[in-house]
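Presented below is the structure to which this report refers.
Residue numbers (the working numbering): 407 to 547.
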């Protein structure tokens with residue numbers, strides 16, 4: 407299992423660095439599952455979290471030349487969960503319109519549909535693309 411570092415300050419959360427390769431996606435999904443289970447989130451929140459981290463990390467793998475990505479999972483004071491993935495690219499992520507026959511190009515559309523909101527934070531070194539899942543205390547197990 408990938409070691410995750412808990413946040414020392416700010417919102418409760420965990421961060422881990424993973425090689426920016428396809429094989430890391432399963433580790434990211436496992437981390438999201440473990441963290442959300444530890445926080446007592448229900449299966450719906452966990453399912454959405456796994457799909458979101460899969461799509462965000464897959465985009466970093468496919469569309470950037472990043473060697474290492476950070477996966478960030480935070481629990482906000484309102485109970486929402488924010489999942490982010492860093493990369494070294496300055497390209498702005500956007501929802502594409504994929505042809506019906508296309509085998510890819512729908513990842514951010516899926517993220518948008520599974521989250522309350524999504525976006526990115528630009529930095530000098532690249533960006534963090536993130537999505538927020540509303541998971542108020544009533545949705546916990």
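The beta carbon of each residue, even a glycine, is placed where N, CA and C say it ideally should be.
These figures come from a predicted structure and were not determined experimentally.
query: C-beta atoms of residue 495 and residue 460 nearer than 8 Å; result: no
query: As assigned by DSSP and simplified to three states, the class of residue 527; result: strand
query: 8 Å contact criterion, which residue 455 and residue 534 should meet: CB distance rounded; result: The pair is not a contact, with the Cβ atoms about 16 Å apart (cut-off 8 Å).
query: In DSSP terms, what residue 490 is bridged to; result: 478, 536
query: Cβ pair residue 479, residue 520 closer than 8 Å; result: no
query: Residue burial classification, residue 487 (beta-carbon count within 10 angstroms, cutoff 16); result: buried
query: When 463, 418, 425 are compared against residue 549, the one with the closest alpha-carbon; result: Coverage of the chain is limited to positions 407 through 547, which leaves residue 549 absent and any answer about it impossible.
query: Beta-carbon proximity of residue 481 to residue 417, cut-off 8 Å; result: yes
query: Strand pairing of residue 419, partner residues [DSSP]; result: 480
query: Neighbourhood of residue 536 by C-beta distance below 6 Å, restricted to the same chain and skipping five residues each side; result: 488, 490
query: Residue 503 - DSSP class collapsed to helix/strand/coil; result: coil
query: Spatially closest choice to residue 498 from 526, 431, 453, 411, by CA coordinates; result: 526
query: Spatially closest choice to residue 469 from 442, 522, 514, 445, by CA coordinates; result: 514
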